[in-house]
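Asks:
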Amino acid sequence: MSGNRQRTLGGGGQHVLDYLKRMQAENPAFFYAVQSDSEHSGGNILWADASARLNYTHFGDTVIFDTTYRTHRYRLPFASFTGFNHHGQPLLFGCALILNESELSYVWLFQTWLHAMSGHSPASITTDPERLIQSAVAQVLPGTRHRFCKWAIFRETKEKLPQLYQSQPTFEAEFKKCVNESETINEFESSWESLLQRYYIMDNEWLRSMYSARQQWVPVYMRDAFFGEVSGTEGSGGLNLFFDGFVNASTTIQMLVKQYEKAIVSWHEKELKADYDTINTTPVLKTPSPMEKQAANLYTKRIFKKFQEELVETLANPATKIDDSGTVATYRVAKFGEDHKANAVSFNSFEMKASCSCQMFEYSGIICRHVLAVFRAKNVLTLPSQYVLKRWTRNAKTGAVAEEQASELPVHFRDSLTVRYNNLRQEAIKFVEEGAKSIHIYNVALDALQEAAKKVASIKNRSSGATQGATLANGGSQELHSNEENQTAAYQSVDEKEKKINELTTEIENTNQRCEVYRTNLLAVLRDMEEQKLKLSVKVQNAKLSLKE
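In full-length UniProt numbering, the protein residues as written are 1 to 549.
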């Protein structure tokens with residue numbers, strides 16, 4: 001790749017910019033920025049809506065920067081910042097149109113995105129193995145662990161060595177096995193050397209360069225850093241999980257905005273469904289362990305299943321003490337018949353801390369079967385709090401940490417419709433969870449929701465006549481230019497003020513309509529709770545009749 005590659009958007013660029021301006025006018029928490037271009041050929045564009053910025057406060061520990069769509073297969077200068085929510089689903093943190101591919105442009109892109117995320121750097125980031133991106137990440141995110149997408153390397157290796165892949169059809173499978181299945185650094189080193197000798201490619205320049213960069217893409221070297229992968233998400237074949245199925249080789253700039261919105265709606269609906277399933281589905285426990293019951297109440301449904309798999313495997317992975325130096329003991333944990341694949345676990349009984357050579361907890365945030373086997377041997381009945389990563393729990397979006405981070409966001413961001421919606425939804429879920437536990441709590445929760453519905457209706461009626469005298473509390477445009485240090489005043493003429501008042505009047509009317517929708521939804525929840533109450537009453541009556549009989 002050259003040091004500087006320029007693209008143009010044509011008419012589609014203006015379409016995107018018009019969309020971004022409109023979205024920010026509707027919600028000041030919508031962030032977008034345009035990199036100025038001295039040659040007037042079009043600058044890079046970055047944007048992140050209110051939901052993306054809020055989601056980052058909860059799940060911004062690991063980030064994927066996907067530039068797949070810039071390749072010759074797609075020819076779309078589109079890139080995205082994504083991560084994973086508490087269900088392990090893809091989550092959007094921002095998007096970009098990259099028209100000018102240079103080191104300075106990527107530095108601007110990462111700096112601007114970090115600014116939109118309130119300056120909080122992620123613990124790790126995964127990108128394609130490109131020199132310009134690598135240099136920009138090193139400059140802007142020096143404390144962030146940088147990983148190259150291994151599937152991009154697999155793909156590029158196939159492109160670099162076409163004759164080898166055609167003449168030696170077994171090479172690809174052995175190459176991937178060497179990378180994916182090596183459990184220790186020594187095992188990888190030995191396997192790699194054997195692979196190169198077997199296919200007579202010891203002097204291949206590309207493979208030498210990839211070996212030199214092995215600490216940034218081979219999994220066994222990266223397991224000491226958190227990447228949020230619970231079931232091989234990076235092993236799905238690429239990075240573009242969020243827009244997979246929405247953006248493809250035929251997608252044009254003109255179509256991008258529509259497909260972008262479709263992807264957001266689709267994943268939001270999937271998250272809501274996962275939330276609902278977690279709350280309303282009782283996990284089937286497979287052991288009598290109090291720890292399993294504890295985990296079932298803490299984790300989301302998908303994460304609990306992963307934890308449960310690890311817990312059940314402890315039955316086939318006994319822990320044997322091999323060293324004891326007071327408070328710290330070392331255990332050897334291996335599956336029956338697989339002693340050659342044993343893992344070492346050190347356990348501090350005083351601090352209730354354990355570390356395993358597999359480093360699964362460090363990598364995924366879920367405790368491994370090896371540590372759980374030691375807990376089982378030491379009769380540790382519940383999970384120590386340090387091994388419950390909040391980002392995987394049902395309450396990942398609530399609590400002091402989230403509130404502290406949210407308080408650092410601009411006022412207009414915290415006051416935005418999206419933030420209010422998410423906060424209200426989380427509080428409502430608490431009522432549903434507690435209300436389902438008993439008839440008494442159910443009645444209290446129902447009364448509270450009904451009272452809330454009355455107050456919402458009352459405020460809605462009062463606000464409908466309050467369209468006059470509205471004031472604007474806007475932090476100003478988020479559109480940035482590299483050669484601008486200060487923004488001009490937002491409104492400099494009477495005409496602009498009158499125009500803004502009209503816009504605010506329309507916004508208030510739209511808000512009233514949304515309130516009506518929320519009120520309708522709230523009433524639907526209340527009706528549903530009434531139905532559940534009736535069903536519960538019937539079950540109680542049937543139980544009483546059964547006892548009498």
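We treat Cβ as the ideally placed atom computed from N, Cα and C, and that holds for glycine.
Please tell me whether residue 83 and residue 48 are closer than 8 Å, where the distance is taken between their beta carbons.
Replies: Against the sequence shown, residue 83 aligns to sequence position 83. Against the sequence shown, residue 48 aligns to sequence position 48. No. Outside cutoff.
Asks: So does the stretch 16-34 actually touch the stretch 50-66, counting three or more Cβ pairs closer than 8 Å?
Replies: Because the criterion of three Cβ pairs below 8 Å is met, the stretch 16-34 and the stretch 50-66 touch.
Asks: What did DSSP end up calling residue 178 once you bin it into helix, strand or coil?
Replies: As a first step, residue 178 is located in the sequence shown; it is residue number 178 there, counting from the start. In the structure shown, residue 178 sits in a helix (DSSP, three-state: H, G or I).
Asks: Does the separation of the CB atoms of residue 394 and residue 311 fall below 8 Å?
Replies: Position 394 of the sequence shown holds residue 394. Position 311 of the sequence shown holds residue 311. No, these two residues do not count as a Cβ contact at 8 Å.
Asks: Give every residue of the same chain whose Cβ lies closer than 7 Å to the Cβ of residue 278, excluding the five residues on either side of it in the sequence, and list them in chain order.
Replies: Counting from one through the sequence shown, the residue named residue 278 turns up at place 278. Excluding sequence neighbours, residue 278 sits near 300, 301, 394.
Asks: Would you check if the stretch 119-133 and the stretch 327-337 touch, i.e. whether three or more CB-CB distances between them fall below 8 Å?
Replies: Contact between the stretch 327-337 and the stretch 119-133 is absent, because fewer than three Cβ pairs lie under 8 Å.
Asks: With DSSP run on the structure shown, which of helix, strand or coil describes residue 153?
Replies: Along the sequence shown, one-based indexing puts residue 153 at 153. Residue 153 falls in the helix class under three-state DSSP.
Asks: Go ahead and label residue 14 buried or exposed: buried means 16 or more other beta carbons lie within 10 angstroms of its beta carbon, across all protein chains shown.
Replies: The residue given as residue 14 occupies position 14 in the sequence shown. Residue 14 comes out exposed.
Asks: Going by the beta-carbon positions, is the gap between residue 226 and residue 362 smaller than 8 Å?
Replies: Looking up residue 226 in the sequence shown gives position 226. Looking up residue 362 in the sequence shown gives position 362. Going by C-beta atoms, residue 226 is nearer than 8 Å to residue 362.
Asks: State the beta-bridge partners of residue 358 as determined by DSSP.
Replies: Along the sequence shown, one-based indexing puts residue 358 at 358. Note: residue 358 sits in no beta bridge, so no partner.
Asks: Would you tell me roughly how many angstroms separate the C-alpha atoms of residue 477 and residue 17, rounded to the nearest one?
Replies: Looking up residue 477 in the sequence shown gives position 477. Looking up residue 17 in the sequence shown gives position 17. Bear in mind that the predicted position of residue 477 carries a pLDDT of just 37, short of 50, making it unreliable; the figure below should be weighed with that in mind. Approximately 13 Å between the Cα atoms of the pair.
Asks: Using the C-alpha atoms, what's the distance from residue 356 back to residue 33?
Replies: As a working note, residue 33 is residue 33 in the sequence shown. As a working note, residue 356 is residue 356 in the sequence shown. Using only the alpha carbons, I get a separation of about 44 Å.
Asks: Is residue 80 buried or exposed, if buried means 16 or more other CB atoms sit within 10 Å of its CB?
Replies: The residue labelled residue 80 in the question sits at position 80 within the sequence shown. Buried.
Asks: With respect to the beta strand (DSSP E) encompassing residue 319, which residues constitute its N-terminal and C-terminal limits?
Replies: In the sequence shown, the residue the question calls residue 319 occupies position 319. Residues 319-325.
Asks: Roughly how many whole angstroms lie between the Cα atoms of residue 160 and residue 154?
Replies: In the sequence shown, residue 160 corresponds to position 160, counting from 1. In the sequence shown, residue 154 corresponds to position 154, counting from 1. In a straight line, the C-alpha of residue 160 is about 10 Å away from that of residue 154.
Asks: Tell me, which residues are paired with residue 49 by DSSP?
Replies: What you label residue 49 is simply residue 49 of the sequence shown in a count that begins at 1. According to DSSP, residue 49 bridges with nothing at all.
Asks: Tell me the DSSP secondary structure of residue 249 in three-state form.
Replies: Here the question's residue 249 lines up with position 249 in the sequence shown. DSSP places residue 249 in coil when its eight states are reduced to three.
Asks: Is residue 406 helix, strand or coil by DSSP?
Replies: If you number the sequence shown from 1, residue 406 lands on position 406. Because residue 406 sits at a pLDDT of 48, beneath the cut-off of 50, its placement in the model cannot be relied upon, and the following sentence gives the value as read from the coordinates. Three-state DSSP puts residue 406 in a helix.
Asks: So within the stretch 113-150, which uninterrupted beta strand (DSSP E) runs reach at least 3 residues, ignoring any that extend past its ends?
Replies: Whole beta strand (DSSP E) segments, 3+ residues: 124-127, 145-148.
Asks: Under 8 Å by Cβ, that's how I've got residue 35 and residue 113 pegged, so tell me the actual separation to the nearest angstrom.
Replies: Taking the sequence shown and counting its residues from 1, one reaches residue 35 at position 35. Taking the sequence shown and counting its residues from 1, one reaches residue 113 at position 113. Between residue 113 and residue 35 the Cβ distance is about 12 Å, and since that is not below 8 Å, they are no contact.
Asks: Identify, in the order they occur along the chain, each residue of the same chain with its Cβ nearer than 7 Å to the Cβ of residue 106, setting aside the five sequence neighbours on each side.
Replies: Your numbering for residue 106 matches position 106 in the sequence shown. So the list reads 132, 133, 136, once near-sequence residues are dropped.
Asks: So for residue 314, helix, strand or coil by DSSP?
Replies: Here residue 314 refers to the residue found at position 314 when the sequence shown is read from its first residue. Of the three classes helix, strand and coil, the one that applies to residue 314 here is helix, per DSSP.
Asks: Relative to the C-alpha of residue 303, which candidate in 364, 163, 166 has its C-alpha closest?
Replies: Locating residue 303 in the sequence shown gives position 303, where the first residue counts as 1. Comparing Cα-Cα distances from residue 303 to each of 364, 163, 166, the minimum goes to 364.
Asks: Quick check: the stretch 185-192 against the stretch 210-225, are at least 3 beta-carbon pairs closer than 8 Å?
Replies: Enough Cβ pairs lie closer than 8 Å, so yes.
Asks: Below 8 Å on the Cβ atoms is my guess for residue 129 versus residue 110; work out the distance and round it to an integer in Å.
Replies: In the sequence shown, residue 129 corresponds to position 129, counting from 1. In the sequence shown, residue 110 corresponds to position 110, counting from 1. Residue 129 to residue 110, Cβ: 16 Å. No contact.
Asks: With the cut-off set at 8 Å, would you say residue 123 and residue 45 are in Cβ contact?
Replies: Here residue 123 refers to the residue found at position 123 when the sequence shown is read from its first residue. Here residue 45 refers to the residue found at position 45 when the sequence shown is read from its first residue. The answer is no: Cβ separation not under 8 Å.
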